[in-house]
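Using mature numbering (1 follows the signal peptide of the UniProt record, and there is no 0), the letters of the sequence shown correspond one by one to residues -22 to -1, 1 to 157.
Glycine included, C-beta positions come from ideal geometry on N, C-alpha and C.
Quick notes on the structure that follows.
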Amino acid sequence: MMIRRLITVMAAAVLAALPVTAATAAPARPVSPEAEFLIAAHQGNLAQITAGRLAARKGELGSVRKLGKRFVAYHRKLDAQVRAAAEALEVRLPAEPNSEQLTLNEQYQAASGRAFDTLFVSTQISAYERAAKLARIVLRTTTDPMVRKIVVTAVPAIEKNRDALTAARNRIALEQPRQ
């Protein structure tokens, strides 16, 4: 029960950071951990698709460009599952990533070359670590079979992407000029 409350509090904090606009304002509705997870997952997917497009275009290293393309394809597919579950559970999804994700996107847009690669890889590692933690919590607490299926199928991809990002971070570190 404590973990379920933790998910609700974490998700509420994420939603509280959202700018309230006509596009994101939602009518009052019962809050459930599943709804909060779907909202956070959708926003994460939107952010990952945007970040992946930037990485595919701006990455200096081929591995970063390749990861960007992979993230776009994967998160489009994952978001289709999230949107279907949200529709079935009558959860209204926001139209854009949260404010933290939008700010990070601005940082990606401002960076270039090796600085972009370093920023992208380090922030994506953190994002995937948070996703892995959230997945573990959701798997322990959800009773909804659609949400469970999304998370169960996402866990191997989270691990694979985190491993690929770690390998890219190691390549970046090896290729840094010595001082």
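So is residue i buried or exposed if we call it buried at 16+ other beta carbons inside 10 Å?
i: residue 79; result: buried
i: residue 46; result: buried
i: residue 95; result: buried
i: residue 123; result: exposed
i: residue 107; result: exposed
i: residue 57; result: buried
i: residue 69; result: buried
Would you kindly work out how many angstroms separate the C-alpha atoms of residue i and residue j, rounded to a whole number?
i: residue 76; j: residue 153; result: 34 Å
i: residue 103; j: residue 149; result: 14 Å
i: residue 113; j: residue 133; result: 7 Å
i: residue 53; j: residue 23; result: 5 Å
i: residue 84; j: residue 111; result: 25 Å
Cutting at 6 Å between CB atoms, please list the residues of its own chain near residue i, excluding the five before and the five after it.
i: residue 126; result: 120
Spatial neighbours of residue i within its chain, please: CB distance less than 8 Å, with the 5 preceding and 5 following residues excluded, ordered by chain position.
i: residue 66; result: 124
i: residue 143; result: 45, 99, 102, 103 and 106
Kindly indicate which three-state DSSP category residue i falls into: helix, strand or coil?
i: residue 46; result: helix
i: residue 38; result: coil
i: residue 133; result: helix
i: residue 65; result: helix
i: residue 121; result: coil
i: residue 24; result: helix
Starting from the C-beta of residue i, find all residues in its chain whose C-beta is less than 7 Å away, skip the five residues before and the five after it, and write them out in chain order.
i: residue 151; result: none
What distance in whole Å lies between the Cβ atoms of residue j and residue i, which are believed to be in contact at a cut-off of 8 Å?
i: residue 60; j: residue 16; result: 6 Å
i: residue 109; j: residue 42; result: Between residue 42 and residue 109 the Cβ distance is about 19 Å, and since that is not below 8 Å, they are no contact.
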